[in-house]
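Participant: The structure follows.
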Amino acid sequence: MSATTAAFKPFTRQQMAQRAAADIPEGWYVNLGIGIPTLVADYVPMDREVIFHSENGVLGMGPAPEKDKIEPWLINAGKQYVTLRTGGSYCHHADSFAMIRGGHLDLCVLGAFQVADNGDIANWATSDNDSAPAVGGAMDLATGARRLWVLMEHTAKDGTPKLVTRCTYPLTAPGAVKRIYTNLATIDVTERGFVVLDIAPGLSLADLQARTEAKLHLPG
Amino acid sequence: MSATTAAFKPFTRQQMAQRAAADIPEGWYVNLGIGIPTLVADYVPMDREVIFHSENGVLGMGPAPEKDKIEPWLINAGKQYVTLRTGGSYCHHADSFAMIRGGHLDLCVLGAFQVADNGDIANWATSDNDSAPAVGGAMDLATGARRLWVLMEHTAKDGTPKLVTRCTYPLTAPGAVKRIYTNLATIDVTERGFVVLDIAPGLSLADLQARTEAKLHLPG
Amino acid sequence: MINKIVQTMAETMSGIKDDSVVLLGGFGAVGQPNALIEGLIEQGAKDLTVAANNAGVGHVGLARLMELGRVRKIICSFPRSSDPVVFETLYRAGKIELEIVPQGTLAERMRAAGAGVPAFFTATGVGTKMALGKEHRDIGGRTYILEHALKGDVGLVEAWEADRWGNLTFKQAGRNFNPVVAMASDLTLVQAQHIRALGEIDPDHIVTPGIFVNRVLHVPYGDPAGF
Amino acid sequence: MINKIVQTMAETMSGIKDDSVVLLGGFGAVGQPNALIEGLIEQGAKDLTVAANNAGVGHVGLARLMELGRVRKIICSFPRSSDPVVFETLYRAGKIELEIVPQGTLAERMRAAGAGVPAFFTATGVGTKMALGKEHRDIGGRTYILEHALKGDVGLVEAWEADRWGNLTFKQAGRNFNPVVAMASDLTLVQAQHIRALGEIDPDHIVTPGIFVNRVLHVPYGDPAGF
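Chains as they are written, first to last, in the working numbering: chain A, 242 to 461; chain B, 242 to 461; chain C, 614 to 840; chain D, 614 to 840.
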């Protein structure tokens, strides 16, 4: 990598989550995937009513309970204890996935292994020979939600780009991703391909491109 | 018709309903069609628990209410006021028809214009040119219930047989009817065709056959 | 603050376009969104396709909408009623199109639209004229026909209780088609007998969650009467 | 008098045959019919196909059933867990068959079985390896694949309340797969935390009506613990 990258400051996970949260307007129905996406809820203020959905039949999910207020029957899809906001409700799995698959969620935010500049997402298996691949609700969410955003590190731990021209890992859904929040940038997936909305302080577009397999564009 | 028929005594509607009711064991889930079949419920004693279903989302329907105890929100599929038995419940239309179409009803009892000896039933339109044919839930019930019984007059008002070799009216469902209760006889629909279980007092088998288009068989 | 409760019928009806597919809740007079149907008459949208269990009674509500020439097509299971004169007159005159659908297929087609299922196989109608022109398929030794989802541009729903998030309950047999109409429609409009504070309806007892609801109008009309 | 409440586990489990398809309710530890799974272990049926969201944790419950060699095939969406050692060992050794199904497709396939829908189209899985070998169809400008109903010979369900007609309620997120398992299974067995007198559960609040339930065993085990 070039010397210019020495000074840059990547976004923290909290900043990535905060950045995504700022883009969610009041009134949206939103499903947050397991992992970093879950953090997004922490940055939506309670007075901006965003209704969080969990695959296991919880609509109107609130933050994690205090230790002494755990409801043992109230978990999210990540099997963590959660709370229910005033106005929330429960339903069974087929009704819960009807919300997802019927196009009733305004947004889903998932983590990913790879996103291609045609919107393809791979987030459930790292090779075709995965010993026991586990898909959960990822395909339903990626395919069914009105918008799919991805929250992930810009590259793999070994520096391999995760924003690619073509996913090499098994797809979760084709052409589904609309926006990507990484530790290095925020990127829209458009007809033209990847369009950079903002970059981590101190990082140049050229340096960002060096960490990205697919071609990056500027808006307009 | 021959002279021997002069003395016979057809079953009344009440007797037909009573006859059918006697064949319904405790614990069955049963849908009674609009018209004569509705009478069947009157002959199932309350202490023999039979659970009546109505298409509009009522499971565990009880008898008609007393005039001063009408619940204006509680009607059956025939749009008559009914009651709910202790243990009954409400559901929406898709769930209600899931009970029907998913094979969860032990029995449905319908009226009919014609039944053929292969079990075909025609009960929703009297000609292919019916000005505005109204099918309601008849096809779902005839096709979905585990057993279909028919309660009807043995012949049309003009004496035309309603138990036929082939339905001439538009079908409700093919091969669905298992048993027929008429004002003249009780008849099973079997692999062999119509098998007579009992006949109205004073009526001979020959006379019953004379009023029936399809061949009648005796049991065994 | 999310607030789906609107104050006027005009606001409730805003944005309904000509040529819309309108789904109606209700079975008989029970759970029928009469006030919203009147609102739709007032609103003026035309060339509508209306899906409902019945095809109107007398000269009010849906019958009135048809009588005004605003309905191009009716999708229903049972066009007969105690007084079907408007529908029958229009139908005989060739002025309204009719699609007869078995009641369970009608409910399932709406539920399918709400659940992201564009088409499904069913045994209902096989071997009858309902199956004419439809794809047939043998699955596990039985024959089925393919039916398609029925999505509403607009859904009119009658509820017993509603809150500002659009959570709904229904009273007894008033539930009927209402929950499936709500989930099948892009714009779900609700008339509710009672407005509840958020949280007043037990989360375990909410039948239609607000995700399926766009606007709620308070219409405390009392009990249904007449079929 | 209808009485679906049985007194012993042996009675609850009677009649389950080898080669059965067994559907399990539950998501994580919540709403999981642990006592019934133990009962099934005791009962002895083998060559089972088990459909559940997960593929067992540690060496208890479903994992134990697999460890005993009684499960020929697992149908699930997420075979990973905090301790999936039994499943993974069997799977790597080629001793258990795995069918991975997206979670929503799994729920919808069960619901379809309960509703008399033998097959339906869905967009989930299109363009992925889930779609390999499946029928594709363009409907309204989008591509879908055909999925088939998943019917249970036996369904194991955990409920919060039950009465002698088999009417059920569920507690909070304990609802999950349980109602669809109940409607999809020929023989639906329920463990219930609380037995209520008939009529004690409000008719508007019953989630799974008794028509989908065959036997109920009172198992007041308390709160779920551990995932």
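By construction, the Cβ of each residue, glycine as well, lies at the ideal position given by its N, Cα and C atoms.
1. Do the stretch 777 to 785 of chain D and the stretch 754 to 763 of chain D meet, that is, are 3 or more Cβ pairs less than 8 angstroms apart?
2. What residues from the stretch 800 to 811 of chain D come within 9 angstroms of chain C, judged by C-beta to C-beta, listed N to C?
3. So, does the CB of E701 of chain D fall closer than 9 angstroms to a CB anywhere in chain A?
4. Between the alpha carbons of G847 of chain D and D448 of chain A, how many angstroms are there, rounded?
5. Flag W773 of chain D as yes if its beta-carbon sits less than 9 angstroms from any beta-carbon of chain B, otherwise no.
6. What is the rounded straight-line gap between the Cα of P374 of chain A and the Cα of G276 of chain A?
7. If you draw a straight line from the alpha carbon of G682 of chain D to that of Q645 of chain C, how long is it in whole angstroms?
8. Chain D partners of V381 of chain A, CB-CB under 8 angstroms?
9. Provide the residue span of the alpha helix (DSSP H) that contains T324 of chain A, from first to last.
10. What does S330 of chain B reach in chain D if we use C-beta pairs closer than 7 angstroms?
11. Taking C-beta pairs closer than 8 angstroms, name the residues in chain A that G641 of chain C reaches, listed in chain order.
12. Per DSSP, Q321 of chain A forms a beta bridge with which residues?
13. Alpha carbon to alpha carbon, what distance is there between T413 of chain A and V739 of chain D?
14. Can you check the stretch 712 to 770 of chain D for any alpha helix (DSSP H) of at least 4 residues that lies completely inside it and give the ranges in chain order?
15. Decide if the stretch 257 to 270 of chain B is in contact with the stretch 291 to 298 of chain B; the criterion is three or more beta carbon pairs, one per stretch, under 8 angstroms apart.
16. Leaving out five residues on either side along the sequence, give the residues of the same chain with a beta carbon under 6 angstroms from the beta carbon of V692 of chain D.
17. Which ranges would you report for the beta strand (DSSP E) in the stretch 332 to 379 of chain B if only whole runs of at least 3 residues count?
18. Would a C-beta distance cut-off of 9 angstroms place L457 of chain B and I421 of chain B closer than the cut-off?
19. Looking at the strands, I want to know which residues DSSP matches up with W390 of chain B.
20. Just verifying my parser: in three-state terms, what is the DSSP assignment at P833 of chain C?
21. Is F700 of chain D a contact residue of the ligand SAM, with contact defined as CB to any heavy atom under 8 angstroms?
22. Straight-line CA distance for S633 of chain C to G768 of chain C?
23. If contact means a Cβ-Cβ distance below 8 angstroms, which residues of the stretch 621 to 645 of chain D contact chain B?
24. In terms of DSSP beta bridges, what is E774 of chain D paired with?
25. Determine the burial state of Q804 of chain C: buried for a count of at least 16 other Cβ atoms within 10 Å of its Cβ, exposed for fewer.
26. A357 of chain B and R388 of chain B look like a contact to me (Cβ under 8 angstroms); what is the Cβ gap, rounded to whole Å?
27. What is the residue span of the alpha helix (DSSP H) that R705 of chain C lies within?
28. Chain C partners of R342 of chain A, CB-CB under 8 angstroms?
29. Please list the partners that I752 of chain C has in chain D, where partner means a Cβ-to-Cβ separation under 9 angstroms.
30. Looking at the C-beta of G657 of chain D, does it have a partner C-beta in chain A at a distance below 9 angstroms?
31. Please classify G268 of chain B: does DSSP put it in a helix, a strand, or coil?
32. Which residue wins for smallest C-alpha separation from G316 of chain B, given the options C:Y704, C:A706, C:F640 and C:K686?
33. Identify the residues that DSSP records as bridge partners of L457 of chain B: which are they?
34. Skipping 5 residues on each side, what residues in its chain have a beta carbon closer than 7 angstroms to that of K568 of chain D?
35. Determine the direct distance from the alpha carbon of H807 of chain C to that of T253 of chain A, and round the result to whole angstroms.
36. Is G674 of chain D closer than 9 angstroms to V794 of chain D when the C-beta atoms are compared?
Facilitator: So, from the listed chains and residues:
1. no
2. none
3. Contact with chain A is found for E701 of chain D, since one of that chain's Cβ atoms lies less than 9 angstroms from the residue's Cβ.
4. This structure does not reach residue 847 of chain D, given that chain D is present from 614 up to 840, and the question cannot be answered.
5. no
6. 17 angstroms
7. Each residue's Cα considered, the two are about 55 angstroms apart.
8. With the sequence shown as reference, residue 381 of chain A is identified as Asp, and Val is not the correct amino acid for it. Within 8 angstroms Cβ-Cβ: P715, Q716, G717, T718 and T737.
9. No alpha helix (DSSP H) contains T324 of chain A, which is instead part of the beta strand (DSSP E) from T324 to Y331.
10. N780, P816, I819 and P822
11. Here the premise fails: no neighbours, minimum Cβ distance about 26 angstroms.
12. Beta-bridge pairing links Q321 of chain A to no other residue.
13. 9 angstroms
14. Complete alpha helix (DSSP H) runs here, min 4: 716 to 728.
15. yes
16. At residue 692 of chain D the sequence reads Pro, which differs from the Val that was named. Cβ neighbours of P692 of chain D beyond the five flanking positions: A668 and F700.
17. Here the runs fully enclosed are 348 to 351 and 355 to 357.
18. no
19. Among the bridge pairs identified by DSSP, W390 of chain B is matched with B:V350 and B:R420.
20. coil
21. The ligand content of the structure shown is nil, which means the ligand SAM is not present either.
22. 10 angstroms
23. Cβ contacts with chain B: none found.
24. D:T782 and D:H807
25. buried
26. Actually they are not in contact, since the Cβ atoms of A357 of chain B and R388 of chain B sit about 17 angstroms apart, beyond 8 angstroms.
27. V698 to R705
28. Here the neighbours are A728, G729 and V730.
29. P731, A732, H761 and A762
30. no
31. coil
32. Residue identity differs from the one stated: residue 316 of chain B is Ile in this sequence, not Gly. Answer by Cα proximity: C:F640.
33. B:F435
34. In the structure displayed, chain D extends from 614 to 840; residue 568 of chain D sits before or after that span and is not available.
35. 47 angstroms
36. no
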